[in-house]
Amino acid sequence: MNEEFRISNEELRKGRRQGILHSKFFIRNSKFIFLLALAFSCTIRPAHQEHLKFWGLGHEGEVVAQLLPEFTRRTGIRVDVQQIPWTAAHEKLLTAFVGDATPDLAQMGNTWIPEFNAVGALDSLSLRLANSSIREGDYFPGIWATNVVDSVVYGIPWYVDTRVLFYRTDLVPNPPRTWDEWLAAMKHVKERRPNSYAILLPTNQWEEVTILALANHASLLNADGTEGAFRDPRFVAAFRFFVDIFRRGFAQAVANTQVANVYQGFAQGDFAMYITGPWNVGEFRKRLPPEMNGKWATAPMPAPRASDWPGMSMAGGSSLVIFRASKKKDAAWKLIEFLSEPAQQVRFYELTQDLPAHREAWKMRGVANDPPLAAFRQQLEHVAPLPRVPEWEQIATNIYQDGEATVRGRMTVEQAAADLDRKADHILAKRRWVLARMRGQ
Amino acid sequence: MNERRAAILFLAPALAVILLFFLIPVGASLLLSLTDFDIYALADIHNIRVIAFRNYSELLRNALFWKALVNTLYFTVVGGPMTVVVALAAALLVNAKVARWKPLFRTVYFAPVVTTIVAVAIVWKYLYHPRYGLLNRGLELIGIAPIDWLGDPKWAMPAIILLAVWKNFGYTMIIFVAALQGIPEELYEAARIDGANTLQQFRHVTLPMLGPTFVFVGIITAIGYLQLFPEPYVMTRGGPVYSTLSVVMLMYEQGFKWWNMGYAAAVAFILFLFIGAATLLQLRVQRRNV
Numbered sequence: 014m015n016e017e018f019r020i021s022n023e024e025l026r027k028g029r030r031q032g033i034l035h036s037k038f039f040i041r042n043s044k045f046i047f048l049l050a051l052a053f054s055c056t057i058r059p060a061h062q063e064h065l066k067f068w069g070l071g072h073e074g075e076v077v078a079q080l081l082p083e084f085t086r087r088t089g090i091r092v093d094v095q096q097i098p099w100t101a102a103h104e105k106l107l108t109a110f111v112g113d114a115t116p117d118l119a120q121m122g123n124t125w126i127p128e129f130n131a132v133g134a135l136d137s138l139s140l141r142l143a144n145s146s147i148r149e150g151d152y153f154p155g156i157w158a159t160n161v162v163d164s165v166v167y168g169i170p171w172y173v174d175t176r177v178l179f180y181r182t183d184l185v186p187n188p189p190r191t192w193d194e195w196l197a198a199m200k201h202v203k204e205r206r207p208n209s210y211a212i213l214l215p216t217n218q219w220e221e222v223t224i225l226a227l228a229n230h231a232s233l234l235n236a237d238g239t240e241g242a243f244r245d246p247r248f249v250a251a252f253r254f255f256v257d258i259f260r261r262g263f264a265q266a267v268a269n270t271q272v273a274n275v276y277q278g279f280a281q282g283d284f285a286m287y288i289t290g291p292w293n294v295g296e297f298r299k300r301l302p303p304e305m306n307g308k309w310a311t312a313p314m315p316a317p318r319a320s321d322w323p324g325m326s327m328a329g330g331s332s333l334v335i336f337r338a339s340k341k342k343d344a345a346w347k348l349i350e351f352l353s354e355p356a357q358q359v360r361f362y363e364l365t366q367d368l369p370a371h372r373e374a375w376k377m378r379g380v381a382n383d384p385p386l387a388a389f390r391q392q393l394e395h396v397a398p399l400p401r402v403p404e405w406e407q408i409a410t411n412i413y414q415d416g417e418a419t420v421r422g423r424m425t426v427e428q429a430a431a432d433l434d435r436k437a438d439h440i441l442a443k444r445r446w447v448l449a450r451m452r453g454q
Numbered sequence: 005m006n007e008r009r010a011a012i013l014f015l016a017p018a019l020a021v022i023l024l025f026f027l028i029p030v031g032a033s034l035l036l037s038l039t040d041f042d043i044y045a046l047a048d049i050h051n052i053r054v055i056a057f058r059n060y061s062e063l064l065r066n067a068l069f070w071k072a073l074v075n076t077l078y079f080t081v082v083g084g085p086m087t088v089v090v091a092l093a094a095a096l097l098v099n100a101k102v103a104r105w106k107p108l109f110r111t112v113y114f115a116p117v118v119t120t121i122v123a124v125a126i127v128w129k130y131l132y133h134p135r136y137g138l139l140n141r142g143l144e145l146i147g148i149a150p151i152d153w154l155g156d157p158k159w160a161m162p163a164i165i166l167l168a169v170w171k172n173f174g175y176t177m178i179i180f181v182a183a184l185q186g187i188p189e190e191l192y193e194a195a196r197i198d199g200a201n202t203l204q205q206f207r208h209v210t211l212p213m214l215g216p217t218f219v220f221v222g223i224i225t226a227i228g229y230l231q232l233f234p235e236p237y238v239m240t241r242g243g244p245v246y247s248t249l250s251v252v253m254l255m256y257e258q259g260f261k262w263w264n265m266g267y268a269a270a271v272a273f274i275l276f277l278f279i280g281a282a283t284l285l286q287l288r289v290q291r292r293n294v
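Chains as they are written, first to last, in my numbering: chain A, 14 to 454; chain B, 5 to 294.
This is how it looks when you write it as structure tokens:
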């Protein structure tokens, strides 16, 4: 069989050169010719179509494929989705950039955008936006801002994420609107149940302190992100408020790894309030015992002053970005436009329970009628981006470390603020040098 | 002269390979560890500065590095001897005169060594599952409360050690089997004539004859275990609360996750020194005993 193929290959080449194919040859090798024809027909056709490479992260990367047949039907562009686990996403994306193997577009946690922009991996989307179905006005301003570095847009929000207050309605009848009301509510809970706590604030997370600081309009870093601004009175006041909650016994100084089961603790009334994100709406429904039905609700974050309500929370979620090295940027942009359509946003919400980024999607059934989501809808109008520097995650680690040290009485609030500034300045030293160098050129 | 040239010629391929794949990369990473190569350097190569030993001094002040070092030593000091003891026991069993189907058992015990860690990890994650895992079911039978093997900072490292011992003892076992087969039968005969029982034969014939093998196995195991990486990477990602973070894992995170290549190279060099020191120490101690 193989031998025959090799001979016939030889004959085929000869036949081509002569421009003639003998009929005898044809008959003898009809099977081979058929296979050859089949092979040709298979390889030629896709060449007319564009093939996009799209990296999706975690569960989103898994389910996005279900939206894509519609896109291919409309545009003729085919999309290869490669699913990257969240735990390995950061290194895969960076390594792909260094190895010149980036996909055409990818989903990216919006806190990573400054970093990938700093290395020059991302393509500017500002020009494309001028003439597109995607309009900045359709998005929550705080979320949109996470995609903007130095007035250039590098990502389009895909789904959004923020933190709100989850509370037990039987223990906290009226959700607090100001920090004073909040403390009063905690006091009330603690008085009724002296052996429990009013709120769960895990000491190994930086998010809670940071949200309080954002609510008090602290900038965390200076304007160009080259030095810490933790001694700023706005940050110090928020930090003091956080520490006071522990000092007055309203919260227990535990890491979330020490809390065996948050849902059980919440159901037992170990704590009555919890600051967390949209994924826990589904988890609370699934994991709380049936008697907790209707006994919990969500509320936007309390603000330092009544006039500020709702208090700021942080702008999280994922965006879609196009890589600078892509040769199919137009097609990639079409896919982003498609995934940003309100109808697709709603379908995506149904598949993932991730909150839609597009405001129109929030008006549609399913999203609009879900009571726990109303607080998120309200909160999303009041979210602020975290400092947009690549070093942020490193700086944030210090926030909870010093936060825990202060809660446990190893530092005063002032000492912690000074320490945070010192550490942030140290981490940002390279950034200061690079920026100074760029200005010098 | 001709002889010398021939010798060099014969050595040349090996030397070239060592130069190309060992000395040059090691030299390059030493130089790298003296710079502040980070993600800014990816944007522009001129963003690299030579900072001499600042990576090293910062590393020594980094609490996470010490945590990783303690974890790695914990793993090596507990897991290493455990592997050697289990391997020796298995080798004695496999090599015993009364044992049947020796090749089968040798293969079975050796199989984990050649199985990929990712496949192994999936199975072991089931075994360690706090509610449905076989291990906790077993503990339940003898009345021990379930353990959250991979979720509890106290138990995560023992869980990793158990997995590593199971995965690696087969290799050491094969070396022991070879060494056991090299012990002349006459020695045992002489011992038996002198009235030695099985235990005394093991104590006074087998163990001393295995001396050099212990040195070799000890060093190889220590070198391997100090470079702990795949087990925590696939099982726990260094968690919970850094309880299974190893030195190599810290290097990987710094190097490939955050792209602090200079810093990561410094981690690599400190580990290199550690392994060198551990090897020398073992050679000293064990040579004296043998």
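Ideal Cβ positions, reconstructed from N, Cα and C, are used throughout, including at glycine. Remember, predicted model here, so these are calculated numbers, not experimental data.
CB of residue i to nearest heavy atom of the ligand MG: below 7 Å?
i, result
"K158 (chain B)", "Annotation note on the ligand MG: not contained in the displayed structure, which lists no ligands."
Please state the DSSP three-state secondary structure of residue i.
i, result
"D174 (chain A)", "strand"
"K376 (chain A)", "helix"
"S36 (chain A)", "Confidence in S36 (chain A) is poor, its pLDDT being 42 and thus under 50, which makes the residue's placement unreliable; the coordinate value appears in the next sentence. Residue state, collapsed to three classes: helix."
"W263 (chain B)", "coil"
"W68 (chain A)", "strand"
"P369 (chain A)", "strand"
"T210 (chain B)", "helix"
"A312 (chain A)", "strand"
"I279 (chain B)", "helix"
"Y136 (chain B)", "coil"
"D245 (chain A)", "coil"
"R241 (chain B)", "coil"
"I146 (chain B)", "coil"
"T120 (chain B)", "coil"
"S250 (chain B)", "coil"
"Q281 (chain A)", "helix"
"I165 (chain B)", "helix"
"R292 (chain B)", "helix"
"L284 (chain B)", "helix"
"S137 (chain A)", "coil"
Count the other CB atoms within 10 Å of the CB of residue i; is the residue buried (16 or more) or exposed (fewer)?
i, result
"I49 (chain B)", "exposed"
"A91 (chain B)", "buried"
"A95 (chain B)", "buried"
"Q281 (chain A)", "exposed"
"Q258 (chain B)", "buried"
"K203 (chain A)", "buried"
"E363 (chain A)", "exposed"
"V21 (chain B)", "exposed"
"A281 (chain B)", "exposed"
Mind checking who residue i pairs with in its DSSP beta bridge?
i, result
"I169 (chain A)", "A:L333"
"Y152 (chain A)", "A:H371"
"A119 (chain A)", "A:W68 and A:V334"
"T39 (chain B)", "B:V54"
"D343 (chain A)", "DSSP, once it has assigned bridges, lists no residue as partnering D343 (chain A)."
"S353 (chain A)", "Answer is none; S353 (chain A) lacks a bridge partner."
"V256 (chain A)", "None, per the DSSP bridge assignment."
So the candidates are the options; which of them puts its Cα closest to the Cα of residue i?
i, options, result
"T239 (chain A)", "A:N411, A:W405 and A:G69", "A:W405"
"L393 (chain A)", "A:A158, A:G74, A:F84 and A:A119", "A:A158"
"H439 (chain A)", "A:S320, A:M377 and A:N411", "A:N411"
"R450 (chain A)", "B:A45, B:A16, B:A32 and B:T119", "B:A45"
"G84 (chain B)", "B:Y267, B:A20 and B:F218", "B:F218"
"Q414 (chain A)", "A:W292, A:L433, A:L333 and A:F67", "A:L433"
"I55 (chain B)", "A:Q454, A:G453 and A:K443", "A:K443"
"Y78 (chain B)", "B:Y256, B:L36, B:L249 and B:G280", "B:L249"
"L35 (chain B)", "B:A272, B:F278, B:R288 and B:A281", "B:A272"
"G71 (chain A)", "A:D93, A:G122, A:H64 and A:T191", "A:G122"
"I126 (chain A)", "A:V162, A:R300, A:P385 and A:A418", "A:V162"
Quick one: which chain D residues come within Cβ less than 7 Å of residue i?
i, result
"E104 (chain A)", "No chain D is present in this structure, whose protein chains are A and B."
- Item | Contiguous alpha helix (DSSP H) assignments of at least 4 residues, all confined to the stretch 44-106 of chain B | 58-64 and 67-99
- Unbroken stretches of the alpha helix (DSSP H), 4 residues or longer, contained in the stretch 163-238 of chain A: 192-205 and 220-228
- Quick one: which unbroken alpha helix (DSSP H) runs of 4-plus residues sit fully inside the stretch 379-453 of chain A? Chain order, please. 384-393, 405-420, 426-440 and 442-453
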